[in-house]
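A.B. asks: Heads up: the sequence shown begins at -3 in my numbering, then just goes up one per residue. Glycine residues also receive a C-beta, built at the ideal position from the N, C-alpha and C atoms.
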Amino acid sequence: MDLGATTALFYGMRERETILDILEATTGARMSFNYNTIGGVRADLYPTFQEKVKEFLAIMPERLKEYHQLVTGNIIFQNRLKGVGVLSKEDAVDYGVAGPSGRASGWACDLRKTNPYSIYSELDFEQVVLDGCDSFDRYLVRLKEIEQSCKILEQLVDNIPEGDYCAKVPKIIKLPEGHWYQEVEACRGIFGVYIDSKGEKSPYRMKVNGTCLRLAGVVDHLTRGEKIADLITIGGSLDYVVPEIDR
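As structure tokens, then:
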């Protein structure tokens, strides 16, 4: 849509609505789900959750083929993205551009593989890394990661444990005194939280290490010498969200 072609958008919106229907039935919301909480999640899964997820996973391989036929193989689309907004691996590391954008520059930076947390070490999936370093490969990494996400879901959907969905935790949590940092692999890159604790009920300091500030920060570097029309291509391929930039 950013490049002026709306048809592909509606193909993606079709699957997006199916996903949001599942999430809405689970969390009560279609945006800003607020489902995760300390100790687990806020509510149990609804009775047909697994059935709906399986139905979705069954149709996605064919839908992905449609995306590739409609978009990936389109010569006009390729001409607008290939060789545009080239970000070398070295620059990706220097600017901290991780996530799909970093992996499109040859940087194997997926924390689920490099520093596994939760149960990712037990799952069979591939880290998608390409070396084209341009807007086209940033697009292609995301398409390939949809395949890997489906692969992860297929392994998990029949293995959801029974029992409590949230552990009992104190209403007031006092983090032991010290400096604490934890990061996870978010959809646009590495998302981290730093806490400086004095052992009291409130942190002395807390900083959020978001993903989009670094993505927006590399735009100046990528757009120098490019055409005005390519600004939209580069911004769309980085996929930063403006409200998430301000921390």
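(1) With a threshold of 8 angstroms, are at least 3 pairs of Cβ atoms found where one atom belongs to the region 124 to 132 and the other to the region 98 to 115?
(2) Measuring only the C-alpha atoms, how far is Glu150 from Ile34?
(3) Please name the residue in Arg138, Asp106, Val237 whose C-alpha comes closest to that of Arg210.
(4) From the DSSP output, read off the bridge partner residues of Gln192.
(5) Compute the distance between the beta-carbons of Leu16 and Thr68, then report whether it is under 8 angstroms.
(6) Could you round the C-beta distance between Gly81 and Asp235 to whole angstroms and report it? I think they count as a contact, below 8 angstroms.
(7) Out of Lys61, Leu19, Asn70, state which residue places its alpha-carbon closest to the alpha-carbon of Asn1.
(8) Could you name the residues of the same chain whose beta carbon sits closer than 8 angstroms to that of Glu62, not counting the 5 residues immediately before and after it, in chain order?
(9) Give the C-beta separation of Leu276 and Ile148 to the nearest angstrom, bearing in mind that I take them to be a contact with Cβ-Cβ under 8 angstroms.
(10) Hey, could you find the ends of the alpha helix (DSSP H) Lys85 is sitting in?
(11) Just confirm the distance between the C-beta atoms of Gly24 and Tyr161, as a whole number of angstroms; I'd bet it's less than 8 angstroms.
(12) What does the alpha-carbon distance come out to for the pair Leu5 and Glu11?
(13) Sorted by chain position, which residues of the same chain lie with C-beta nearer than 8 angstroms to Ala104's C-beta, five sequence neighbours on each side aside?
(14) For Ala163, which residues from the same chain have a beta carbon less than 7 angstroms from its beta carbon, with the 5 sequence-adjacent residues on both sides left out?
(15) Find the nearest neighbour of Pro43 within the set Pro96, Ile156, Lys194, Asn30, judged by alpha-carbon distance.
(16) Have a look at Thr22 and Glu13 and give me their C-alpha separation to the nearest angstrom.
(17) Name the two residues that bound the continuous alpha helix (DSSP H) containing Gln74.
(18) What would DSSP say about Gly95, mapped onto helix, strand or coil?
(19) With respect to the alpha helix (DSSP H) encompassing Asp108, which residues constitute its N-terminal and C-terminal limits?
(20) Looking only at its own chain, which residues have a Cβ that is under 7 angstroms from the Cβ of Asp192, when we skip the five neighbours before and after it?
C.D. replies: Quick answer:
(1) Output reads yes: the region 98 to 115 touches the region 124 to 132.
(2) Position 154 of the sequence shown holds residue 150. Position 38 of the sequence shown holds residue 34. Their backbone Cα atoms lie some 26 angstroms apart in a straight line.
(3) If you number the sequence shown from 1, residue 210 lands on position 214. It is Val237.
(4) Position 196 of the sequence shown holds residue 192. Correcting the residue type first, residue 192 is Asp in the shown sequence and not Gln. In DSSP, Asp192 forms a bridge with His175, Arg201.
(5) The count along the sequence shown starts at 1 and reaches residue 16 at position 20. The count along the sequence shown starts at 1 and reaches residue 68 at position 72. The criterion of a C-beta distance shorter than 8 angstroms is not satisfied by Leu16 and Thr68.
(6) Along the sequence shown, one-based indexing puts residue 81 at 85. Along the sequence shown, one-based indexing puts residue 235 at 239. Contact doesn't hold; Cβ gap of about 12 angstroms is too wide.
(7) Counted from its first residue, the sequence shown places residue 1 at position 5. Looking at the sequence shown, residue 1 is not Asn but Ala. Check the Cα spacing between Ala1 and each of Lys61, Leu19, Asn70: the tightest is with Asn70.
(8) Indexing the sequence shown from 1 puts residue 62 at position 66. Cβ neighbours of Glu62 beyond the five flanking positions: Tyr7.
(9) This structure cannot speak to residue 276, because the chain is shown only from -3 to 243.
(10) Sequence index remark: in the sequence shown, residue 85 carries index 89 (1-based). 85 to 91 is the span of the alpha helix (DSSP H), which, as asked, contains Lys85.
(11) By one-based count along the sequence shown, residue 24 stands at place 28. By one-based count along the sequence shown, residue 161 stands at place 165. Taking the Cβ atoms as the reference, Gly24 lies roughly 14 angstroms from Tyr161, outside the contact range of under 8 angstroms.
(12) Numbered from its first residue, the sequence shown carries residue 5 at position 9. Numbered from its first residue, the sequence shown carries residue 11 at position 15. Spanning the two alpha carbons is a distance of roughly 10 angstroms.
(13) Residue 104 sits at position 108 when you count from the first residue of the sequence shown. For Ala104, where only same-chain residues beyond five positions count, the Cβ hits under 8 angstroms are Thr110, Gln123, Val125.
(14) Taking the first residue of the sequence shown as 1, we reach residue 163 at position 167. So the qualifying residues of the chain are Gly35, Gly36.
(15) Indexing the sequence shown from 1 puts residue 43 at position 47. Comparing alpha-carbon positions, the option among Pro96, Ile156, Lys194, Asn30 lying closest to Pro43 turns out to be Ile156.
(16) Your numbering for residue 22 matches position 26 in the sequence shown. Your numbering for residue 13 matches position 17 in the sequence shown. Answer to the nearest angstrom: the Cα atoms are 14 angstroms apart.
(17) Numbered from its first residue, the sequence shown carries residue 74 at position 78. Its alpha helix (DSSP H) spans residues 71 to 77.
(18) Numbered from its first residue, the sequence shown carries residue 95 at position 99. The answer is helix: DSSP assigns Gly95 an H, G or I state.
(19) Sequence index remark: in the sequence shown, residue 108 carries index 112 (1-based). The identity of residue 108 in the sequence shown is Arg, whereas the question assumes Asp. Where Arg108 is concerned, the enclosing alpha helix (DSSP H) stretches over 107 to 110.
(20) Here the question's residue 192 lines up with position 196 in the sequence shown. Non-local C-beta neighbours of Asp192 in its own chain, meaning closer than 7 angstroms and more than five positions away in sequence, comprise His175, Pro199, Tyr200, Arg201, ordered along the chain.
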